[in-house]
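Below is one structure; the comments refer to it alone.
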Amino acid sequence: MSTMSRRDVFKSAGVIGTVAATGTVLAACSSQDLGEIEVNVADVPEGSGIIKDNFVVVQPEKGQFKAFSAVCPHQGCLVNQVDEEKIVCPCHTSHFSSKDGSFISGAAQQSLEEAQLTQDGDTLHVSGK
1 MSTMSRRDVF
11 KSAGVIGTVA
21 ATGTVLAACS
31 SQDLGEIEVN
41 VADVPEGSGI
51 IKDNFVVVQP
61 EKGQFKAFSA
71 VCPHQGCLVN
81 QVDEEKIVCP
91 CHTSHFSSKD
101 GSFISGAAQQ
111 SLEEAQLTQD
121 GDTLHVSGK
């Protein structure tokens, strides 16, 4: 039966602590709370969209609304442009579809996260993590 030296115990504890801390940090990054916003449906142009706080709200077709995180999955920059074709991140020119948030081109390689959207009359309620 072998015994661990005091040095081996400390090494093992250090490795376990590092792994645990790294997992906590990564979990915190992936669950960033984007908050909540309200948008009047009249403020969202048909065939395009708007950027408000941490969200992109689009109206691909009349009366159909979708919302996405405005945080680019590449390095966390906020997108700054939305038109009838695309949503653009200014940091490394990643492009996403303004219809469904899917990745088109650029450094991101991933789609924008879809946000929760509910409609109450003329008000859109948007939230996300």
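Counting in full-length UniProt numbering, the final residue of the sequence shown is number 129, and the numbers go up one at a time with none missing.
Every residue gets a Cβ at the ideal spot worked out from N, C-alpha and C, and that includes glycine.
- By the neighbour-count criterion, in which 16 or more other beta carbons inside 10 Å mark a residue as buried, glycine 76 falls on the exposed side.
- Under the three-state reduction of DSSP output, aspartate 53 falls in the coil class, being neither helix nor strand.
- Linking threonine 93 to alanine 70 through their CA atoms gives a straight-line distance of about 14 Å.
- Listed in chain order, the non-local C-beta contacts of aspartate 120 below 8 Å within the same chain number zero, local neighbours out to five positions each way being set aside.
- Judged by DSSP secondary structure, glutamine 116 falls within the beta strand (DSSP E) whose first and last residues are 116-120.
- Here alanine 107 carries a coil assignment [DSSP, helix/strand/coil].
- Nearest to phenylalanine 103 by alpha-carbon distance, out of Arg6, Phe55, Glu85, is Glu85.
- Inside the segment 64-102, DSSP marks whole beta strand (DSSP E) runs of 3 or more residues at positions 64-69, 86-88, 95-97, from first to last along the chain.
- By the Cβ-count criterion, glycine 128 is buried, with 16 or more other Cβ atoms from all chains shown falling within 10 Å of its own Cβ.
- Nearest C-alpha to leucine 117 among Asp43, Leu78, Val58, Pro45: Val58.
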